[in-house]
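Peer 1: The following block contains the structure, expressed as structure tokens.
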Amino acid sequence: MAMSSSLSPSSPKPTVFIIGFGSNIGAGVARKFKKEGFNVAVASRTVEQLDVMTAGYLAIKMDVGKDKDIEMGFEEVERVHGPAAVVIYNVAHATFAPAGPSNPLSVSFQNFYANVALSGVHAFEVARLANAGFDRLPETTPRAFIATGNILSSKSMPPLAGLCAGKRVLASIIETCAEAYGPSGKRFYYAMEVSPQGGPANPPDADTHGLVYHRLYRQKAQGHWEVRFVRGGALWQTKPKSCALGIALNA
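Numbering (my numbering), first residue to last: 86 to 336.
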């Protein structure tokens, strides 16, 4: 298979680790990176129920709500393929308010806490371990952490209060890490597909996510930490501004 052009021909195959693998976005991202010559490792609570072995992926059963599972998952990836060069956090957990949109506090505290923890808080541990792995890669190897986001990090939706809070936590983690580590070549992105009008993309397009995530991996400089794109991969923008790469980014 063709190697990513961002690596020299003599470099070992890079590895992508997709946490929160599923049949839509996760599968689309995995297909793209596999096509580009990456080792592909995927993890989820139900990974054994998905058709991953025939695709040649390293399959890891993982509950992202358990710190030990996260640690063991990274250890297994490194044991088999070495440290991952790109880690994808594709996890979300949502509970609709049972009493309807006018009563977001009808969600139990336990469900709200789970929504926030899985959609956002546990990404901190994933990012921490990903960053440690990045340090064990050659400096010439591109390294990126990409979180699947949505517009709820900046827009309220009362019946999904827990998911909104979780995505805001996730966005904050990514912004902080991009500022701290981006200049040294360890890049962090909060990426979301939106409609042409800037609203939610329903349903999200799996292949577009694969295209954009691979493009972000190959990007040479951090650029903006938040990336909004439309089906097909073009960047969405209202008032475009240029980053250091000359790429139009959403203001």
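By construction, the Cβ of each residue, glycine as well, lies at the ideal position given by its N, Cα and C atoms.
All figures in this text were calculated on a predicted structure; none of them were measured in a lab.
Given 8 angstroms as the limit, is there contact between the stretch 193–205 and the stretch 247–259, that is, 3 or more CB pairs closer than that?
Peer 2: Because the criterion of three Cβ pairs below 8 angstroms is met, the stretch 193–205 and the stretch 247–259 touch.
Peer 1: To the nearest whole angstrom, what separates the beta carbons of G111 and V127, a pair I think is in contact under 8 angstroms?
Peer 2: Indeed, because the Cβ distance is near 7 angstroms, the residues count as touching under 8 angstroms.
Peer 1: If you draw a straight line from the C-alpha of S239 to the C-alpha of S257, how long is it?
Peer 2: Cα to Cα, the separation comes out at about 11 angstroms.
Peer 1: Could you have a look at V101 and say whether DSSP puts it in helix, strand or coil?
Peer 2: In the structure shown, V101 sits in a strand (DSSP, three-state: E or B).
Peer 1: Three-state secondary structure (DSSP) at S129?
Peer 2: Here S129 sits in strand by DSSP.
Peer 1: Just confirm the distance between the C-beta atoms of A170 and L222, as a whole number of angstroms; I'd bet it's less than 8 angstroms.
Peer 2: The pair is a contact, with the Cβ atoms about 6 angstroms apart (cut-off 8 angstroms).
Peer 1: Taking 8 angstroms as the cut-off, decide whether the C-beta atoms of A140 and K119 are in contact.
Peer 2: Yes.
Peer 1: So is G141 in contact with chain C if we call contact Cβ pairs under 8 angstroms?
Peer 2: The structure shown contains no chain C, having only a single protein chain.
Peer 1: Taking only the alpha-carbon atoms, compute the straight-line gap between Y302 and A179 and give it to the nearest angstrom.
Peer 2: In a straight line, the C-alpha of Y302 is about 28 angstroms away from that of A179.
Peer 1: Output needed for A286: all residues of its chain with C-beta closer than 6 angstroms, excluding positions within five of it in sequence on either side, in chain order.
Peer 2: Closer than 6 angstroms at the Cβ level, and outside the excluded window around A286, lie E278, V279, S280.
Peer 1: Could you tell me whether the Cβ atoms of I104 and V176 are closer together than 8 angstroms?
Peer 2: Yes, they are a contact pair.
Peer 1: Alpha carbon to alpha carbon, how far is F209 from I309? Give it in angstroms, no decimals.
Peer 2: Note that residue 309 is His in the sequence shown here, rather than Ile. Their backbone Cα atoms lie some 19 angstroms apart in a straight line.
Peer 1: Secondary structure at T261, three-state DSSP: helix, strand or coil?
Peer 2: T261 falls in the helix class under three-state DSSP.
Peer 1: Helix, strand or coil: which one does DSSP assign to F181?
Peer 2: Of the three classes helix, strand and coil, the one that applies to F181 here is coil, per DSSP.
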